[in-house]
Structure formats: structure tokens, C-alpha cells
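Colleague:
Protein chains in written order, with the working numbering: chain A, 164 to 419; chain B, 722 to 1039.
(1) Does any CB atom of chain B fall closer than 8 Å to the CB of residue 180(A)?
(2) Which full runs of the beta strand (DSSP E) of 3+ residues lie inside the region 265–325 of chain A, going along the chain?
(3) From the DSSP output, in three-state form, read off residue 165(A) for me.
(4) How many Å lie between residue 409(A) and residue 380(A) at the Cα?
(5) Would you decide whether residue 969(B) is buried or exposed? Buried here means 16 or more other CB atoms lie within 10 Å of its CB.
(6) On the criterion of 16 or more Cβ atoms from any shown chain inside 10 Å, does residue 266(A) qualify as buried, or is it exposed?
(7) Report the CB separation of residue 314(A) from residue 341(A) in whole angstroms; it is logged as a contact under 8 Å.
(8) Residue ranges of each alpha helix (DSSP H) run of no fewer than 4 residues wholly in the region 349–386 of chain A, ordered along the chain?
(9) Are there 16 or more other CB atoms within 10 angstroms of the CB of residue 260(A), so buried, or fewer, so exposed?
(10) Given a threshold of 16 other Cβ atoms within 10 Å of its Cβ, counted over all protein chains shown, does residue 1103(B) qualify as buried or as exposed?
(11) Spell out the partners DSSP gives residue 958(B) in its beta bridges.
(12) Evaluate residue 289(A) with the Cβ neighbour count: other Cβ atoms within 10 Å of its Cβ, from every protein chain shown; 16 or more gives buried, anything less gives exposed.
(13) The alpha helix (DSSP H) spanning residue 799(B) covers which residue range?
(14) At a cut of 8 Å, does the region 388–406 of chain A reach the region 198–216 of chain A through at least three beta carbon pairs?
(15) Does DSSP put residue 409(A) in a helix, in a strand, or in coil?
(16) Less than 8 Å between CB atoms is the rule here; does residue 928(B) satisfy it with respect to chain A?
(17) Report the CB separation of residue 318(A) from residue 269(A) in whole angstroms; it is logged as a contact under 8 Å.
(18) Would you be able to state if there are at least three C-beta pairs under 8 Å between the region 369–383 of chain A and the region 328–348 of chain A?
(19) For residue 240(A), list the residues DSSP reports as bridge partners.
(20) Starting from residue 255(A) and walking both ways along the beta strand (DSSP E), at which residues does that stretch end?
(21) Taking the alpha-carbon of residue 295(A) as reference, which of 308(A), 281(A), 306(A) and 307(A) has the nearest alpha-carbon?
(22) Starting from the beta carbon of residue 875(B), find every residue of chain A whose beta carbon is closer than 8 Å, and list them in chain order.
(23) Starting from the C-beta of residue 1026(B), find all residues in its chain whose C-beta is less than 6 Å away, skip the five residues before and the five after it, and write them out in chain order.
(24) Beta strand (DSSP E) containing residue 851(B): first to last residue?
(25) DSSP state of residue 197(A), grouped into three classes?
(26) Starting from residue 207(A), follow its DSSP beta bridges and name the residues at the other end.
(27) Which residue spans inside the region 914–1001 of chain B form an unbroken alpha helix (DSSP H) run of at least 4?
(28) Should the region 936–945 of chain B be called in touch with the region 831–839 of chain B, which here means at least 3 C-beta pairs below 8 Å?
(29) Nearest chain A C-beta to residue 901(B) closer than 8 Å, yes or no?
(30) On the premise that residue 776(B) lies in contact with residue 982(B), defined as a C-beta separation below 8 Å, what is that separation, rounded to the nearest angstrom?
(31) Could you confirm whether any beta carbon from chain A is found closer than 8 Å to the beta carbon of residue 872(B)?
(32) Within the 8 Å Cβ cut-off, does residue 344(A) reach chain B?
(33) Within this structure, are the beta carbons of residue 933(B) and residue 271(A) separated by less than 8 Å?
(34) Cα-Cα, which of 804(B), 1012(B) and 993(B) is closest to residue 744(B)?
(35) Counting only Cβ pairs nearer than 7 Å, list the residues of chain A close to residue 979(B).
(36) Can you confirm whether residue 294(A), when its beta carbon is compared against all beta carbons of chain E, has any partner nearer than 8 Å?
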């Protein structure tokens, strides 16, 4: 239990390397959202429920149509129409808010769930290689310390924290540049929460960029380098971690 | 312990229906002397081929959580067309391919209605079930087409490769192909994912629309193939072909472990299910039971299989 070793506070964000640039994005649910995500950065989106956080994630994942705005990935103009395109073309993966109904295939086992997003990789001359698939699954089970009897355990029978780790493992391929997590620790016990946070930090240290969408102030304040505050479908401001102050954030996100 | 048992539900069901099939074979061998003869067995296998051919594709479709009632009607239109094309002077191989392709097109139409237009699959395919059979009646003008078909027309359905009937040989090959699809391809795995949870499948980057349409096209193609083979076996193109056939196929697929909610099922199980249904019908025939009673038995077998599935599900999850 508890946080894993290996995380050093001296994580460097490469501020000169923008990975994702969103300019004046509008969808039916959010208006005029602009931000830049850098290599190795953890950028948070904080606001009350219904402030439009999840909707920003949905738009970046090709689930909601953009009515206006521009998207640049690694400096090049891009367009995302479907989750498949987000994952395979642009290396953007998402851990959805609803773990049980959107993140997991409850009837299938841990190995099946971890590999479903990247199944193409295991197609060999004689069809899908079960061996390679299990090898990859086993790798992530060790890496994220997923506590399961084996890779054959049905995910329905895992604890909430371990289920969430399976969903995160789904998103981690070699090609994943941007990981989005929507309410990453909802419904998870305290110990597992800390584990999830250190996984997120380690990913960023390893050079991935992370977007965290959350309505828990403590969560945002403890893991993010910068935080975008959302109010009623618009971004109110963007604060650096050292500028965060619960009182101030509370007043801004209430929209008064 | 519970964990292991939940996982093994499908396996358990597989062993069970293989057991049921074996018991059935033993009982029929003891009860009727005509049962265990080469002619009778190949005869049942040839009739069951039609169910298995269509059932291979339907199993994947039902695993993905969708349904197709128009199988029997597609068989009718492909069967009658294969005869009509030949009487119009088309070479036999070409007429077989063309009539199967018509089945694929109807599958595409079903896929469009269900996947793109979001019509519930039962309603959409109930619609095509009626109108496609209607078209089969219209183009045959209600008559049987059996004149001018030529000697080779019946080869597909009645021919032999050595001692093995051609239709059984083809069905075995098709089974192996679909077995491979189920276990070793993206299409097979994606079918389970979509049937398990469509939302999760979409968010995992699976193109659920493309997979859905491909599955309907596969079902249309295999139903068309099955209908063409049946017309050949009967030596006649008739709009009656495949009447009530969707029922036999669904019984086989459900006996084979599929649930109507999707996410479960297997091609192997479907084959065993089809054989059980085929041998029950054959056994009742041999014992001189009227065909009306056979329908009663089939209905009971279907409901019994679903009930058993529900009981097992709640026991294991209990």
C-alpha cells in the first residue's frame, strides 16, 4: 500500500515543447477554451460539476463536435473525429469518468481489458498472438502493481482501485503522448488514490503529458503543474501550482 | 473460488451441451435401429449444414449484441435467384456467386438500418424478413423453378468428394474459417467487446459502426450461401426455402452459449447446438412422431436453454 518509490519531486516540464495547443475551442457545451499542454506537464481542469470539464475531454477525444476553434498537435493542425483516431493517429488516450460503464468490459478478464485498445499490435501471420498479448498485459500488471490472482481474472471481481489501474493500463501504449483522466480517483480508497497519483506523476516524469479533469480540489492541487478553472462552460483563468489558494479558487469557480 | 467459477461459465456450458449431444446420440442409437447408419447420419449432417453455414456468422452477430430475423428470407431470395439466373442462361458458378452477393447486399441494408439509422435490430430485420421473402414470391410468381436447371445444378447440395458429401465438406471448411475469426482476429475480439459494452468499445477506439456493418454483411453472405446450397440440394428454386429457418439458427446459437444481451457465445457451441436440434428432429422422425410435435419440442428446447442459462448465471454470480 501507499505511494510507490521512484517518484522524485524534481520533475521538469519542457515548457518550450508544446504537445497540444487548443485555440478558441467551442462545442455545444463549452465556449472559447484555449490552452497549451507541454511535454511532461500535468495540466488540471477544475470546476464544479457541470462546469464543462468532461466536455473539454470529450471534444478532445472526438466524441463531441467542435463548432469552432483550432487544434495543434506537435505544432501541426489536427482534427479528431473519433476515439479511434485520437488513440491511433494522435496518441491521445482517455480514462473516462464512468469506470464501470465506459472504461471496462466487465465480462472479460484483465488481459483482455488491458489490450483491447491496442489489439492490432498483436496480429501476427497466424492471427492474434495470445502469448504476446498476455506478455504485454503481464508487463502492465507488474508496472502498475495491479492486484489480481492472474491476468485471467474477470475485471468485475477486482477492487475499485485495481479496476481503475486496469483502465489506466489500457491507455498506456508506447504511442500514447497525451493521457486524459476524468475524475481519476472517484470511488477509490485513500491508499489506491495515492498509488494512482504516483502513477500519473511517473508518467509525466517519463515524458508523457497529462490532462486531469477533476472536481476534487485536493487532487488537483497536489498533482498538477497548472490548473485551468472552469465556470459555466468557459475557462475563468489558468493558475500555476504555486498560485493556487483554496479560498481564491473557490470564489472563482463559484462564478461570483 | 467464486472468481474461477464465474470465468468458467462458458466452458461449463460447452462441456454440458457436448454431454447432452452424446447422451442424445446414445439414446437414439438404442431406441431406433435405423439411426446409426451411414445414410441417416450423413443425411442429418447435410440438413444441419444449412443451419451451421448461416449460424457461423449469426453467432458473431449475436456475440456483438445484435440480431437478425431475415436469415430465412435471404436464403429464399438467394436460392430462387440461383435457379432463375441459371434458367436465364447464366453459367452455374457465376449464378451461385451472384445470388450469394445479393444476400451480402441485403446484409448491408440490415447493417445500414441497424447501425447507421439506429433502428432496433429486431424491428429492422423483421421488416427485411417480410419484404425480402415477398420479393422472392414476386420474382418466382409463386411457382417452383425446376425446369431447365441442368444436371449440374444439384452438385453443390448433393455432390460428393470421395465418400464425403460436398456440402458437409464445405461446411467443415466454413466452420474452421469462422472458428479462426472468433479466436484469432480483431473482428472476433471486437464482437465480444461491442457485445460486452458498446460504450466501452467505442471509447477504446474500436470503430463499432464498421464492425457492426461487416457482421451484418457476413450474415447476409452466409445466409445467401446457405440458401443457394439448399436450392441445389432440393433441385428447385422456391420462395418457400428457409421458411422458419431463423428459428433453427437462433436455437443453435443460444444452445451454444450465446446470451441475447451479447458478449457471450461460441462458434463451436453453435455447431453442437445445431447438431442437437438436427438429431432431435431426426430421432422424432424415425420414431414416427408427427412434425407438429417436433415444433413443440424445438420451442421447448429454446426456452429450456435460455432458462438454464439464467439459472446458471444467477447461481454463479449468487
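Virtual Cβ for every residue (Gly too), placed ideally from N, Cα, C.
Note that the coordinates shown come from a computational prediction; the quantities given were computed from them, not determined experimentally.
Modeller: In short, the structure shows the following:
(1) no
(2) none
(3) In this predicted model, residue 165(A) has a pLDDT of only 38, less than 50, meaning its place in the structure is not dependable enough to derive any value.
(4) 8 Å
(5) buried
(6) buried
(7) So it is not a contact: roughly 27 Å between Cβ atoms.
(8) 353–368 and 380–386
(9) buried
(10) Residue 1103(B) lies beyond the stretch modelled for chain B, which goes from 722 to 1039, so this question has no answer here.
(11) 866(B)
(12) exposed
(13) 792–808
(14) yes
(15) helix
(16) yes
(17) 6 Å
(18) yes
(19) 235(A)
(20) 255–258
(21) 281(A)
(22) Those within 8 Å of residue 875(B) in chain A number zero; the least Cβ separation is about 36 Å.
(23) 975 and 976
(24) Taken as a continuous stretch (DSSP letters only), residue 851(B) belongs to no beta strand (DSSP E), being part of the alpha helix (DSSP H) at 842–861.
(25) strand
(26) 375(A) and 390(A)
(27) 919–924, 929–955 and 966–976
(28) yes
(29) yes
(30) With 8 Å as the limit, residue 982(B) and residue 776(B) do not qualify as a contact, their Cβ atoms being about 19 Å apart.
(31) no
(32) no
(33) no
(34) 993(B)
(35) In chain order: nothing, as chain A lies at least about 13 Å away.
(36) Absent here is chain E; the protein component of the structure consists of chains A and B.
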